[in-house]
Amino acid sequence: MLERSTSATDPIYEAYALGECSEATGFDWPYHVARRLLQEPIDIAITAALAEIGTLAGADRAWMFEYDAELLRFRNTHEWSRQGVRSFVEDLQDTPVTMIAWLHQFLAKGRAVMINRVAELPRPARPLQVEMLRQGDRSVLSVPVFHDGRLRACIGFDATAAERRWSAAEIGALFRCAELIALARYGSPRDGQPLADAARTFAPLIYLRRQGQIVGVDPQTILGVRSARDYAKVWLRDGSTVLDLRPLTLWAGLLPPALFLRIHRTAIVNLQHVSGLDRRVGDRWTIGLGQLAEPWPVSRPYRQELRQRLGV
């Protein structure tokens, strides 16, 4: 890892096209991203990949945000932050692109932007600068994510402890990481999972946290949540599970009641993913959830409402 502080002779910001970084090699970040994308469900993989390359890059945060279909709004979706560094991933949701208009003009042209000194950004970047300073950013690297010629998202690094200038080689490596993420998230479907399409409007996300990594998930992709003592275990549609640090009682208030129902004092399920109700074994009721092999038990106090909601 090449750590490079900024100097007074460095420009305040720099914009790079991929072609300007093509000769700069020597970083294996794309390998780490590809390995994650091949081994894990897409959202978990993206966050884990950001954690790996963010650590390798000496960043204090690594993140991703996505645009809506018209490129008028954006929202944060994935983030890793170094221990002791505050997370802001939940703050910018359904945010007008006008707030990042100065940055967006470069991203839309396929150019990465290396902001060496956030505090000295030009006046047209003032709305973006205010937000970056609020988050404690001193230097920021942003790389566009394109698929089929469309700008879909942006990934990048924040430096909060000190000003940083990432090299052309590192920017080129991050460009290639962006290409891999675009192929995995917006390209061919994998394991029967639907592709992520640009949303007309953004549905509220629920943010799952694990080991400094944060991923925003649409509530519709959650199969169910079970109590795990003081924590909760979350099952996702892609087959992954996440141990979340919040208790089930808190989850009961997070999940939209139109989709979710408590079926046990220790379990809440997404009714859209109920694949069957089994009442054949004595007084024991169970339901199937998605492709999960193990059925979930339904306790007596919750059976009547379950039948009404399922229409059986």
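With the sequence shown counted from 1, adding 831 to any position gets you this note's numbering. C-beta: ideal position from N, C-alpha, C; glycine also.
Counting along the chain, D1075 sits inside the beta strand (DSSP E) bounded by residues 1072-1075. In the structure shown, W894 adopts extended strand secondary structure according to DSSP, grouped into three states. Distance from the CA of E901 to the CA of H935, rounded to the nearest whole angstrom, comes to 13 Å. With respect to A876, I884 sits apart: the two C-beta atoms are not nearer than 9 Å.
A straight line joining the alpha-carbon of R1093 with that of S1106 spans about 16 Å.
Between G1047 and the set D841, V864, T908, E851, the nearest pair of CA atoms involves T908. Segment contact: the segment 839-848 against the segment 857-873, fewer than three CB-CB distances shorter than 8 Å; contact not assigned. Taking C-alpha positions only, R995 is separated from G1070 by approximately 38 Å. Annotation for M945: the continuous beta strand (DSSP E) segment containing it runs 942-946. Per DSSP, the continuous alpha helix (DSSP H) segment holding L1141 begins and ends at 1134-1141. Counting along the chain, the unbroken beta strand (DSSP E) around R906 starts and ends at 904-912. Judged by their CB atoms, F977 and D891 are not nearer to each other than the 9 Å cut-off.
With distances taken between CA atoms, G1119 lies nearest to V1100 out of V1100, P1088, D979.
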